[in-house]
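Numbering (the numbering used here), first residue to last: 956 to 1740.
Glycine residues also receive a C-beta, built at the ideal position from the N, C-alpha and C atoms.
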Amino acid sequence: MLKHRAYLLINILGLVVAVSCSIFAIAFIADEYAYDQFHSKKDRLYRLNKKNVSINTGESFLTAETSGLMGPTLNAEYPEVENVARVMPWFDETVISYNDKKSKVGNLLFVDSTFFHLFDFKLLRGNPDKALVAPSSIVLTESLAKKLFGEEDPLGKMVTGLHEQEYFVTGIVEDAPVHSHIQYNVLMSWSTTVPGTGPLSYDWMNNWLGQTLITYLLLDEKADPRLLEKKFPDFMKSHFPERAESYFLYLQNFEDVYLYSSDIMYSRDTKSGSYAYVKIFGITALLILLIACINYVNINTAKATKRAGEVGMRKVLGANRKQLFTQFMSESFLLTIISSAIAFFVVDITLPYFNALTGKQMEISLLLHPLVLTGVAGIVLVVGLLSGTYPAFVLSAFQPSEVLKNSGKSKLSGHMPRQVLTTLQFAIAIVLIAATLLVYKQTNFLRNKPLGFDKEHVVVMNIDNAIEDKYHSFQHDLEQHPDIIATSACQATIGSGTFGTTVLAEGREDQISVNIFRTDANFINTLGIEMANGRQFNPLLATDSNALIINEAFVKLMAWEEPLQKQIRFSSDGEQYPVIGVVKDFHFEGLSRNTIQPIVMYIHPRNFTNLTARISGNNIHETLVHMERVWNKYEGRFPFEYYFADTWFDNKYKTEEQLLNTVTVFSVISILLACLGLYGLTSFTIEQRTKEIGIRKVLGATVSGIAVMINRKFVLLVVVAFIVATPVAWHFMNEWLNDFAYKIDMPFGVFGVALASTLVVTLLAVSIQALKAAMMDPVKALKNE
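If you want it as structure tokens, here you go:
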């Protein structure tokens, strides 16, 4: 080690970086798999999901939403279902106040009284069997209770909450654990929503039709979930026949909800990860570790001839092959252990940067997790074996007679294995570069794809009952500012979603699924949505309150040639509404998983929950100050909050952004490690050919000619690596793209860029050494030989 310090540094540096990446990967995976593991009944818990088969096209998608009566009915009719808990995440943030203290909170959940029976969330104060039974009962988190009550005992006190109703505090629960896909700040009793029982009287949460909540089932210890699933079709035909051919219920293991729900839509306010991200992260870290191992193998086999004399002398003095093999393996393990120890310090220092890269909040204590420690021990063992076995085999195989006569040098130099391993390094680098470019192109495509409306300078804010009652005055005061171009109120808007229902369209007997937009007359104009046919709503025409506007997706589904002459009903015996306009298709959800669905718009005079304002963008801060001033004039309880539509869409692609950042960093690391190994390997190659280079120069070879000679072999290896890597990368990249509703065509140019980048980096790494050797005085080279 001391004799070859430069190569020792190359090996240690490569292994430190690779082991650090592996530690991060193991810690990341351990953190992801830690979700929901603290529940004692997790093995018997399931989430009730459904496969929705579109009655329009036959296409299917998965959803976590169920109706309010599904869970209780299953519990009542099937002995396999021991208990049920419904969870309804509220749509908006709300203010919880006590006397003069108030706090605006999200993650308000309506839950069944069985909530604490199914889940092991710790109730610090109150009775878990009674806390969520009575109507108007509310359970606060420990941190929220501290904000509102300080040191005062909250139990039995009344707070003002949703819709400015009064609620009794019946419990204090520990803040939601980080490793829980169920996140909450406030828990409210389900009975509060039951018509005729609770003050809120939400029929849509307590019927078969509304699909807005999440249902968890606790099965009996002897129950077989697969056998229970087979009974679901008959269950649907018996209780919900109108959806029996479009809703197909199934059970998802509770422990799988966090990590295996990326293809499940409408799981609102449910914290989720991505198994694909975990897999990509882990594989990439392993590839980097493999590159570092290849560096070690290549450099040590290249050094084999340097140590041939040592091996020969040891064998002459009585050492057998087993002893020599053990010696060289010990060197490998010693180097790996030293590198792993240094890697822990590197991880400690760089953990904040890793958290920023991945969006995690991991603490250094996670490195002491049994899975991480076991993983590191496994890395030491595997890397030690992978790195040491082949060099030890090569070195211990030297024959003393050949070595001491210097005749074994060419036979045991190991050119072919090193070339294979170097080619593998290049292939890994090409795959990672191509993957990085693909992720960048797809993410950029999603961000810049036309949405069908002008998302720039669109401000969206939630409005409550106090403003809704005086909405026209509120809207009038807002529009007094010259930089507010237009405003519109609606129940659902960009970023806050919409709701679905079915309609009966003229010319078709069966129902079709649509998304509903209840708006005022200015919605289309405010968002800048273009008309494809007909006209917008006219606030001066009273008849427009009974008219509809649809989108192009609706027209395409119905194959209508004259949509303005058609009518639509919302029920079989309902009133017919004429279609007065067709808007061009626009996106109101993120593009990653959602395609444009048929839309129906109509004017609705009440139940506005959002206000959308288009501003000029000239004086954004001043405009927002004006909006806040008007807000405070009409609303004294809720603080002024808003979001921009373009920012909302950007935030929808955080997963893709994190993946891009991670793959980019790992690609750079893989290239640098490959260059590091290539630099060391080239140094030894040139060192072995010093005499040859000197003779060539004496015979008239030029510096450039010698550089080309040395580079030629490595360029050929890069080309071979490209041929091997391209089909592998294309397969996995195409699989990743297929998960998107809107995607780019496979950009074959990324492979060309990956090849060119690898060639450039390789030529730089090799040429530095090649030029140095080519410029050496041939007299010195021959004298040294």
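Practice task
Identify whether V1721 lies in helix, strand or coil by the three-state DSSP scheme.
Solution key: Here the question's residue 1721 lines up with position 766 in the sequence shown. In the structure shown, V1721 sits in a helix (DSSP, three-state: H, G or I).
Practice task
Could you tell me whether the Cβ atoms of Y1426 and A1444 are closer together than 8 angstroms?
Solution key: As a first step, residue 1426 must be located in the sequence shown, where it is residue number 471. As a first step, residue 1444 must be located in the sequence shown, where it is residue number 489. Yes. Within cutoff.
Practice task
Could you name each continuous alpha helix (DSSP H) segment of 4 residues or more that falls completely within the region 1252-1307, going from the start of the chain to the end?
Solution key: 1263-1271
Exercise for the section: Would you mind working out which of I1479, Y1634 and L1017 sits nearest D1218, comparing C-alpha positions? Expected result: Along the sequence shown, read from residue 1 onward, the residue named residue 1218 stands at position 263. Considering only alpha carbons, the answer is L1017.
Problem - Rounded straight-line distance, which links the Cα of G1333 to that of S1362 - result: Reading the sequence shown from its first residue, position 407 is the one you call residue 1362. Reading the sequence shown from its first residue, position 378 is the one you call residue 1333. Any reading at S1362 needs caution, since the residue's pLDDT is 46, under 50, leaving its predicted position unreliable; the model's value is listed next. Their backbone Cα atoms lie some 40 angstroms apart in a straight line.
Problem - Bridge-paired residues (DSSP) for V1338 - result: Locating residue 1338 in the sequence shown gives position 383, counting from the first residue. DSSP, once it has assigned bridges, lists no residue as partnering V1338.
Handout entry: Any 3 or more C-beta pairs closer than 8 angstroms across the region 1582-1594 and the region 1046-1059
Key = yes
Practice task
Look at the Cβ atom of I1246, then the Cβ atom of S1625, and state whether they are nearer than 8 angstroms.
Solution key: Within the sequence shown, the letter at position 291 stands for residue 1246. Within the sequence shown, the letter at position 670 stands for residue 1625. Yes, the Cβ-Cβ distance between I1246 and S1625 is below 8 angstroms.
Practice task
Tell me I1093's beta-bridge partners as DSSP assigns them.
Solution key: Here residue 1093 refers to the residue found at position 138 of the sequence shown. Paired residue(s): V1124 and M1143.
Exercise for the section: For V1623, count neighbouring C-beta atoms within 10 Å of its own C-beta (all shown protein chains included) and say buried if the count is 16 or more, exposed if not. Expected result: Sequence index remark: in the sequence shown, residue 1623 carries index 668 (1-based). So V1623 ends up on the exposed side.
Exercise for the section: Kindly indicate which residue of P1132, P1154 and I1127 has the alpha-carbon position closest to the one of E1119. Expected result: The residue labelled residue 1119 in the question sits at position 164 within the sequence shown. Checked all of P1132, P1154 and I1127; the closest Cα to E1119 is P1154.
Exercise for the section: Have a look at R1080 and T1096 and give me their C-alpha separation to the nearest angstrom. Expected result: Stepping through the sequence shown from its first residue, residue 1080 is reached at position 125. Stepping through the sequence shown from its first residue, residue 1096 is reached at position 141. C-alpha separation (whole angstroms): 10 angstroms.
Exercise for the section: Assess, as a yes-or-no matter, whether the region 1400-1414 is touched by the region 1604-1619 under the definition of 3 or more beta carbon pairs within less than 8 angstroms. Expected result: yes
Practice task
Identify which residue in M1664, Q1166 and E1048 has its Cα closest to the Cα of I1648.
Solution key: Within the sequence shown, the letter at position 693 stands for residue 1648. Measuring from the Cα of I1648, the nearest candidate turns out to be M1664.
Practice task
Please classify Y1711: is it buried, with 16 or more other beta-carbons within 10 angstroms of its beta-carbon, or exposed?
Solution key: Taking the sequence shown and counting its residues from 1, one reaches residue 1711 at position 756. The sequence shown places Ala at residue 1711, rather than the Tyr named in the question. It is exposed - the Cβ of A1711 has fewer than 16 other Cβ atoms within 10 Å.
Handout entry: N- and C-terminal bounds of the beta strand (DSSP E) containing I1523
Key = On the sequence shown, residue 1523 is found 568 positions in, with the first residue counted as 1. Unbroken beta strand (DSSP E) run through I1523: Q1522 to R1524.
Problem - Beta-carbon proximity list for E1507, same chain, < 7 angstroms, skipping 5 on both sides - result: Within the sequence shown, numbered from 1, the residue matching residue 1507 stands at position 552. Excluding sequence neighbours, E1507 sits near A1487, V1537, K1539 and D1540.
Practice task
Give a yes or no on whether the C-beta atoms belonging to P1702 and L1393 are separated by under 8 angstroms.
Solution key: Numbered from its first residue, the sequence shown carries residue 1702 at position 747. Numbered from its first residue, the sequence shown carries residue 1393 at position 438. In contact: P1702 and L1393 (Cβ atoms closer than 8 angstroms).
Practice task
Would you give the residue range spanned by the alpha helix (DSSP H) that N1587 belongs to?
Solution key: Residue 1587 sits at position 632 when you count from the first residue of the sequence shown. Counting along the chain, the alpha helix (DSSP H) containing N1587 begins and ends at I1575 to Y1589.
Handout entry: R1269 versus T1610: straight-line alpha-carbon distance, rounded
Key = Counting from one through the sequence shown, the residue named residue 1269 turns up at place 314. Counting from one through the sequence shown, the residue named residue 1610 turns up at place 655. So the alpha carbons of these two residues sit roughly 57 angstroms apart.
Problem - Cβ-Cβ distance between L1024 and Y1139 below 8 angstroms - result: Numbered from 1 along the sequence shown, position 69 holds the residue referred to as residue 1024. Numbered from 1 along the sequence shown, position 184 holds the residue referred to as residue 1139. No, these two residues do not count as a Cβ contact at 8 angstroms.
Problem - A1178: first and last residue of the uninterrupted alpha helix (DSSP H) it sits in - result: Locating residue 1178 in the sequence shown gives position 223, counting from the first residue. No alpha helix (DSSP H) contains A1178, which DSSP labels as neither H nor E.
Problem - Backbone secondary structure at T1069 - three-state DSSP - result: What you label residue 1069 is simply residue 114 of the sequence shown in a count that begins at 1. T1069: coil per DSSP, three-state reduction.
Exercise for the section: Would you list the one or two residues that DSSP bridges to Y1426? Expected result: Locating residue 1426 in the sequence shown gives position 471, where the first residue counts as 1. DSSP output for Y1426 lists no bridge partner at all.
Practice task
Measure the Cβ-Cβ separation of L1718 and N1666 and say whether it is below 8 angstroms.
Solution key: As a first step, residue 1718 must be located in the sequence shown, where it is residue number 763. As a first step, residue 1666 must be located in the sequence shown, where it is residue number 711. Cβ distance < 8 angstroms, so L1718 and N1666 count as in contact.
Practice task
Give a yes or no on whether the C-beta atoms belonging to V1705 and S1295 are separated by under 8 angstroms.
Solution key: Here residue 1705 refers to the residue found at position 750 when the sequence shown is read from its first residue. Here residue 1295 refers to the residue found at position 340 when the sequence shown is read from its first residue. Going by C-beta atoms, V1705 is not nearer than 8 angstroms to S1295.
Problem - Pair within 8 angstroms by beta-carbon distance, E1129 and K1085 - result: Within the sequence shown, the letter at position 174 stands for residue 1129. Within the sequence shown, the letter at position 130 stands for residue 1085. No, these two residues do not count as a Cβ contact at 8 angstroms.
Practice task
Name the one or two DSSP bridge partners that T1115 has.
Solution key: In the sequence shown, the residue the question calls residue 1115 occupies position 160. Note: T1115 sits in a beta bridge opposite S1052 and E1121.
Problem - Contact under 8 angstroms by Cβ, S995 with K1006 - result: Within the sequence shown, the letter at position 40 stands for residue 995. Within the sequence shown, the letter at position 51 stands for residue 1006. Their beta carbons are not under 8 angstroms apart, which means S995 does not touch K1006 by this criterion.
Practice task
Have a look at V1716 and A1390 and give me their C-alpha separation to the nearest angstrom.
Solution key: What you label residue 1716 is simply residue 761 of the sequence shown in a count that begins at 1. What you label residue 1390 is simply residue 435 of the sequence shown in a count that begins at 1. In a straight line, the C-alpha of V1716 is about 18 angstroms away from that of A1390.
Problem - Residue burial classification, I978 (beta-carbon count within 10 angstroms, cutoff 16) - result: Here residue 978 corresponds to residue number 23 of the sequence shown, with the count starting at 1. It is buried - the Cβ of I978 has at least 16 other Cβ atoms within 10 Å.
Problem - Presumed contact (8 angstroms Cβ cut-off) between V1415 and N1565, rounded CB distance - result: Translated into positions along the sequence shown, residue 1415 becomes position 460. Translated into positions along the sequence shown, residue 1565 becomes position 610. About 6 angstroms separates the two Cβ atoms, so the contact holds.
Exercise for the section: Can you tell me which of the three DSSP states L1168 falls into? Expected result: Here residue 1168 is taken as the residue at index 213 of the sequence shown, counted from 1. Looking at L1168 - three-state DSSP - the assignment turns out to be strand.
Exercise for the section: For the alpha helix (DSSP H) holding L1566, just list the boundary residues, first then last. Expected result: Looking up residue 1566 in the sequence shown gives position 611. Here L1566 belongs to no alpha helix (DSSP H); instead the beta strand (DSSP E) covers N1565 to I1570.
Exercise for the section: Give the single residue among A1476, E1516 and L1495 whose Cα lies nearest to the Cα of L1503. Expected result: Sequence index remark: in the sequence shown, residue 1503 carries index 548 (1-based). The option with the nearest alpha carbon to L1503 is A1476.
Practice task
Could you check what DSSP says for A1086 in three-state terms: helix, strand or coil?
Solution key: To locate residue 1086, count along the sequence shown from 1; it is residue 131. Looking at A1086 - three-state DSSP - the assignment turns out to be coil, as it is neither helix nor strand.
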